[in-house]
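Please read the structure below before turning to the comments.
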Amino acid sequence: MPRKKSALPKGFFDRVAKLRQRISAGIQQGFGVVRDLDMTLAQALALFHLGESGPASVSELMAVVGRSQSSTSALVDQLEARGFVVREVSATDGRRRDVCLTEAGRKVVDQVEAARREGLERALEGVPAEVLARYDAALAELLDALPP
68 MPRKKSALPK
78 GFFDRVAKLR
88 QRISAGIQQG
98 FGVVRDLDMT
108 LAQALALFHL
118 GESGPASVSE
128 LMAVVGRSQS
138 STSALVDQLE
148 ARGFVVREVS
158 ATDGRRRDVC
168 LTEAGRKVVD
178 QVEAARREGL
188 ERALEGVPAE
198 VLARYDAALA
208 ELLDALPP
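Set out below in structure tokens:
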């Protein structure tokens, strides 16, 4: 069977890969904050998910962090002991307990996001504003065209 011709413009993949490589170092600075807070990447992922999506069950967090039920439950215990999350009865199902971000957890998420944003801004500081505006518009159009 003949191979389907790529719809990607010539060199597109390489340009996307180079862009990712150049800006990811700046974005990675947020993970330095995670290290400074003596947190694991899995703990940070759980906090980011809760910050972005709201309360979640341990089972939902399990899918986010890629760990077993018992390991994810232990991770939540650790976050709870540090005051970053609490377990509460679900607002939609009284039989379920949700993991919810506390104010301290929200501050951690905000702190890491601020470091990542600053790193990205530093990585892009030599790029003219009009180029960034065109790139932003193209990214928005691309995201709208992708399936959810």
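As numbered in our numbering, residues 68 to 215 make up the sequence shown, in order.
For each residue, glycine too, the CB sits at the ideal point set by N, CA and C.
Uninterrupted beta strand (DSSP E) stretches inside the segment 112-174 (no shorter than 3 residues): 152-156, 164-168
N- and C-terminal bounds of the alpha helix (DSSP H) containing Lys85: 79-94
For Leu206, the first and last residue of its enclosing alpha helix (DSSP H): 196-212
Helix, strand or coil at Gly186 according to DSSP, with G and I counted as helix: helix
Cβ neighbours of Ala109 in the same chain (closer than 7 Å, five flanking residues each side left out): Val132, Arg134, Leu142
Nearest-angstrom beta carbon gap, Leu168 and Leu152 [assumed within contact, 8 Å]: According to the sequence displayed, residue 152 carries Val and not Leu. Correct: roughly 6 Å between the Cβ atoms.
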